[in-house]
Amino acid sequence: DILLEEKKYNEIRKLVERYGEIIGGTYFSSLIAEIEELERIDAENRAFMQSVYELMAAENYDEMFALFHSSEALAFVERTTDDRYIYFPEDDGTLTGTGAGGYIDVWDDYYFYYGNYENGIRTGEGRLFAEGGYRNGDGYEVFSGEWRDDAPNGLGERRIMGYMMDNQIPFSSVMRSNFINGLMDGPVDYKVYTEHETSDLSFTAVLGVPQEDKTEEYYSSHSTVVREHDRIIAYDDSTGVVQAHVSGAKYHVAGF
């Protein structure tokens, strides 16, 4: 049982070869069948995470977005019984170095990480990829920056590519800040880019909470105002100009 938990399958096979005929019964045969199934699952997980590792290393996020919504990703999530699966192309058993991980968060959403590990803990420089935008499935989020204690801690950048206003207007947003356990803390340099303009929405946050909220101002002064996730979108129907500002929702990295 100890060897099975440690995934030392070859050691178990040696025990079976040595004691199988002496002990007899069906225990060893069922154990070998269980090992073969675990090895099959692990091989499929490693093959999938190798694709994640390569795409994240190349910063090919369009292909990551396609992989994120693929049947292979859904099968990977279903196979993963723990809240994480950590992958190294060449694993020496220490879970230290540059690797990739698939994670299930407290909301049962999944995301992927690529970067530095120390004993299985994300430490140093790393990048996170998750579903993003302001409607499910319409975009993606990438965080890159400093990690400590298995979370974004230190300077980092959160970038979102997606659509707003009922999927009509493509946009990208970039937020640079200090992070404490995945929450923006301190001055936040926040830019939103659309085809027509760039909006500077910079603000100050305390553990993810903006210290200003212009919700009422935007509702009173624009023809169409929509609250989308953590922003207020103000859309001028006559000019097609989009303006936006932060609302009171917490600003954080996906999964934290």
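The numbering used here numbers the first residue of the sequence shown as 79 and each following residue consecutively. Quick reminder that beta carbons are idealized off the backbone N, C-alpha and C, glycines included. Fair warning: this is a prediction, and the values are worked out from it, not measured in the lab.
How is Glu137 classed by DSSP in three states: helix, strand or coil? As a working mapping, residue 137 is identified with position 59 in the sequence shown. Of the three classes helix, strand and coil, the one that applies to Glu137 here is coil, per DSSP.
Pull up the distance between the alpha-carbon of Ala121 and that of Glu114, whole angstroms please. Taking the first residue of the sequence shown as 1, we reach residue 121 at position 43. Taking the first residue of the sequence shown as 1, we reach residue 114 at position 36. Ala121 and Glu114 have their C-alpha atoms some 10 Å from each other.
Which two residues bound the contiguous alpha helix (DSSP H) that contains Val155? Against the sequence shown, residue 155 aligns to sequence position 77. Where Val155 is concerned, the enclosing alpha helix (DSSP H) stretches over 149 to 157.
Exposure of Leu116, with buried meaning 16 or more beta-carbon neighbours within 10 Å: Against the sequence shown, residue 116 aligns to sequence position 38. Leu116 is exposed by the Cβ-count criterion.
State the DSSP-derived secondary structure class of Lys86, mapped to helix, strand or coil. As a first step, residue 86 is located in the sequence shown; it is residue number 8 there, counting from the start. Lys86: coil per DSSP, three-state reduction.
Just mark Tyr97 as buried or exposed, buried being the case when its beta carbon has 16 or more other beta carbons within 10 Å. Start at 1 with the first residue of the sequence shown, and residue 97 comes out as number 19. When all chains shown are included, Tyr97 counts as exposed.
Tyr131 in three-state terms, based on DSSP: Along the sequence shown, read from residue 1 onward, the residue named residue 131 stands at position 53. Note: Tyr131 maps to helix in three-state DSSP.
Rounded C-alpha distance that separates Asp267 from Asn231: Sequence index remark: in the sequence shown, residue 267 carries index 189 (1-based). Sequence index remark: in the sequence shown, residue 231 carries index 153 (1-based). A straight line joining the alpha-carbon of Asp267 with that of Asn231 spans about 17 Å.
Which of helix, strand or coil does DSSP assign to Ser280? Taking the sequence shown and counting its residues from 1, the one referred to as residue 280 is at position 202. DSSP places Ser280 outside both helix and strand once states are collapsed to three, so it counts as coil.
Inter-stretch contact (C-beta, 8 Å, three-pair minimum) for the segment 256 to 271 and the segment 225 to 240: Yes: the two stretches touch, three or more of their Cβ pairs being nearer than 8 Å.
Specify the secondary structure class of Phe334 as computed by DSSP and reduced to three states. Within the sequence shown, residue 334 is the residue found at index 256, counting from 1. Phe334 falls in the coil class under three-state DSSP.
Compute the Euclidean distance between the alpha carbons of Lys86 and Phe190, then round it to the nearest angstrom. For the purposes of this step, residue 86 is taken as residue 8 along the sequence shown, with counting starting at 1. For the purposes of this step, residue 190 is taken as residue 112 along the sequence shown, with counting starting at 1. Looking at the two C-alpha atoms, the distance is approximately 26 Å.
For Leu252, I'd like the list of residues in its chain whose CB is within less than 6 Å of its CB, leaving aside the five on either flank, ordered along the chain. Within the sequence shown, residue 252 is the residue found at index 174, counting from 1. Per the sequence shown, residue 252 should be read as Val rather than Leu. If the five residues before and after Val252 are omitted, its C-beta is found closer than 6 Å to the C-beta atoms of Arg237, Lys269, all from its own chain and listed in chain order.
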